[in-house]
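For reference, the structure is listed below as structure tokens.
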Amino acid sequence: MRTVEEHQRVVAGLITARAPARVPIAEALGLVLAEDVVAPLSLPGFDNSAMDGYAVVADDVASATPEHPVRLPVAEDIPAGRTGVLTLKPGTAHRIMTGAMMPAGATAVVPVEATDAATDTVEIRAGAEPGRHIRRAGEDVTAGTTVLSARQALTPAALGLAAALGLGELTVIPRQRVLVMSTGTELVAPGTPLAPGQIYESNAVMLAAALRDAGAEVVASPMTGDDVDSFRAALARHIGQADLIITTGGVSAGAYEVVKDALGAGSSATPGSGGAVEFVKVAMQPGMPQGCGAVDGTPIVTLPGNPVSALVSFEVFLRAPLRAAMGSRQPERPRRTAVLTEDLKSPRGKRQFRRGVLDAESGTVTSYGPPASHHLRWLASANCLLEIAEDVDTLPAGSQVRVWDLG
Ligand code: AMP
Ligand code: MG
Numbered sequence: 092m093r094t095v096e097e098h099q100r101v102v103a104g105l106i107t108a109r110a111p112a113r114v115p116i117a118e119a120l121g122l123v124l125a126e127d128v129v130a131p132l133s134l135p136g137f138d139n140s141a142m143d144g145y146a147v148v149a150d151d152v153a154s155a156t157p158e159h160p161v162r163l164p165v166a167e168d169i170p171a172g173r174t175g176v177l178t179l180k181p182g183t184a185h186r187i188m189t190g191a192m193m194p195a196g197a198t199a200v201v202p203v204e205a206t207d208a209a210t211d212t213v214e215i216r217a218g219a220e221p222g223r224h225i226r227r228a229g230e231d232v233t234a235g236t237t238v239l240s241a242r243q244a245l246t247p248a249a250l251g252l253a254a255a256l257g258l259g260e261l262t263v264i265p266r267q268r269v270l271v272m273s274t275g276t277e278l279v280a281p282g283t284p285l286a287p288g289q290i291y292e293s294n295a296v297m298l299a300a301a302l303r304d305a306g307a308e309v310v311a312s313p314m315t316g317d318d319v320d321s322f323r324a325a326l327a328r329h330i331g332q333a334d335l336i337i338t339t340g341g342v343s344a345g346a347y348e349v350v351k352d353a354l355g356a357g358s359s360a361t362p363g364s365g366g367a368v369e370f371v372k373v374a375m376q377p378g379m380p381q382g383c384g385a386v387d388g389t390p391i392v393t394l395p396g397n398p399v400s401a402l403v404s405f406e407v408f409l410r411a412p413l414r415a416a417m418g419s420r421q422p423e424r425p426r427r428t429a430v431l432t433e434d435l436k437s438p439r440g441k442r443q444f445r446r447g448v449l450d451a452e453s454g455t456v457t458s459y460g461p462p463a464s465h466h467l468r469w470l471a472s473a474n475c476l477l478e479i480a481e482d483v484d485t486l487p488a489g490s491q492v493r494v495w496d497l498g
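Read in order, the letters of the sequence shown are residues 92 to 498 in the numbering used here.
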């Protein structure tokens, strides 16, 4: 049997980053920049008013008080977005709104609250020192400055900055494009009636969500029965779009193991020129039957079908390498140790991943649900995985246990 770490290494070795590409900023949230972003323009781009008020020559209003206001004719009205360069003549005021370009010659803005808000002749009731309430061109960003760095993940604020700089696209490490294939003749899409012996398909939506959560893109998630021809046909239909194929089901020891039958030794690996997929047992629970390799040069990872096995396997083998291949600096789930609140048993010789509830405040963790791999309900409300080592078979309450924080 392969250890968890050995299989992690093999799977990680299959997954490689795509070449940097330009993507529209609206699609770039969470992606990692492939190159520095240098500001093509300054922010603000021009001197503009920080207040709704009146642009003036500061000297003209220096003496203004509520008791002795200064009256100035209002020569222009400048809403935000008014284009064209205006010039303020001394002894006059321009009514100006926040964000509007300052007229040449004006040296301060008096807020509307310190005036009578008139539009013909305005009464100014407070002085303003030169520069008051003016946002200077370039005081936020000077053109030519590096404002975002390669390897930085794009947050909402970073995307806002890119937009403010007029950059509609950014050069990023693109999302991994993943094909998710569910196998099983018993599977029926949710929303349609079930015949006796059938179950609803749940791995595709679950893994697709896990992939998107990890920043990847799901190119398709076809469901096939347990016959080699339909599996191969679905694979052939979508393989060209994918950087990685993930299958679920059909890899254990029974009959009708379609993924093994289609891709394993003795099969002419498929479609087209072929590839090599190895099926192995990994010393873990859940998730013992695993497989990986390549089909026509596209990496493939074949996960077991039980939903808990499938998702735990995704967590253990795929999530971190996918995130690493998309440039994440912290591809792994945060891990910590916590104090177990109960006695637990674990199979000797296997790494056990139990679902758990971590109380971060007290630093304690309680297992949640039975260890078997079909108990999806428990995983759905767990917030962590407990990782129990191969050489441990009993774990008394109070033990320190390793925990993967699922957030
Ligand atoms: P397999 O690995 O194909 O032998 O499947 C193991 C168990 O997981 C069986 O009980 C299957 O019915 C179940 N299973 C496999 N694939 C799925 C799926 N996509 N959705 C829900 N259950 C599945
Ligand atoms: Mg099956």
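Think of the CB as a built atom: it goes at the ideal place given N, C-alpha and C, for glycine as much as any other residue.
Query, Result
"When DSSP builds the beta bridges, which residues end up paired with G447?", "S458 and C475"
"Kindly give me the distance between the Cβ atoms of S140 and I225, rounded to whole angstroms, as I take these residues to be in contact under 8 angstroms.", "7 angstroms"
"I need the boundaries of the beta strand (DSSP E) containing R186, first residue and last residue.", "A184 to I187"
"Helix, strand or coil for Q421? Go by DSSP, reduced to three states.", "coil"
"Please confirm whether T210 and V165 have their CB atoms less than 7 angstroms apart.", "yes"
"Whose C-beta lies closer than 8 angstroms to the C-beta of M297 among residues of the same chain, with five residues either side of it excluded?", "P398, A401 and L402"
"Between the beta-carbon of C475 and the beta-carbon of V492, is there less than 7 angstroms?", "no"
"Enumerate in chain order the residues of its own chain whose CB-to-CB distance from P281 is below 6 angstroms, with the five nearest sequence positions on each side excluded.", "Y291"
"Which stretch, first to last residue, makes up the alpha helix (DSSP H) that contains P115?", "Element bounds for P115: not the alpha helix (DSSP H) but the beta strand (DSSP E), A112 to P115."
"Tell me the DSSP bridge mates of P390?", "A385"
"Could you have a look at V161 and say whether DSSP puts it in helix, strand or coil?", "strand"
"How long is the line joining the alpha carbons of M142 and M188, rounded to whole angstroms?", "6 angstroms"
"In terms of alpha-carbon separation, which member of H185, S404, T262 and P390 lies closest to L239?", "T262"
"When we look at the beta-carbon of S364 and count the other beta-carbons within 10 Å, is it buried (16 or more) or exposed?", "At S364, the pLDDT of 46 sits below 50, so the modelled position is not reliable and the matter cannot be decided from this model."
"Mind checking V368: buried by the 16 CB within 10 Å criterion, or exposed?", "buried"
"Looking at the structure shown, is S321 part of a helix, part of a strand, or coil, going by DSSP?", "helix"
"Looking at the unbroken alpha helix (DSSP H) that takes in M297, where does it start and where does it end?", "N294 to D304"
"Residues in the same chain with beta-carbon distance under 6 angstroms from A103, minus the five sequence neighbours each way, listed in chain order, please.", "P412"
"Once the 5 residues before and after M92 are set aside, which same chain residues still bring their CB inside 7 angstroms of it?", "K372, V373 and A374"
"Looking at ligand 1, does it come within less than 6 angstroms of G396, judged from the CB to the closest heavy atom?", "yes"
"Return the CA-CA distance between T432 and R446, expressed in angstroms with no decimal places.", "14 angstroms"
"Using only the heavy atoms of ligand 1, determine whether one of them is closer than 6 angstroms to the beta carbon of T338.", "no"
"Apply the 10 Å Cβ neighbour rule to S273 and answer buried if 16 or more other Cβ atoms are within range, or exposed otherwise.", "buried"
"Take A110 as the anchor and find which of G341, G345 and I264 has the nearest alpha-carbon.", "I264"
"Terminal residues of the continuous alpha helix (DSSP H) containing D231?", "Premise fails: D231 is in no alpha helix (DSSP H) and is neither H nor E."
"At a cut-off of 6 angstroms, is G382 close to ligand 2 when judged by its beta-carbon and the heavy atoms of the ligand?", "no"
"Please check the pair A241 and D127, which I expect to be a contact at CB under 8 angstroms, by giving their CB distance rounded to whole angstroms.", "5 angstroms"
"With distances taken between CB atoms, is the gap from A415 to P425 smaller than 7 angstroms?", "no"
"Starting from A401, trace the alpha helix (DSSP H) both ways and give me its first and last residue.", "P398 to S404"
"Hey, how far is the Cα of G288 from the Cα of V350?", "21 angstroms"
"Which partner residues of Y291 appear in the DSSP bridge assignment?", "V279"
"Could you check if G275 belongs to the surroundings of ligand 2, using beta carbon to heavy atom distance under 6 angstroms?", "yes"
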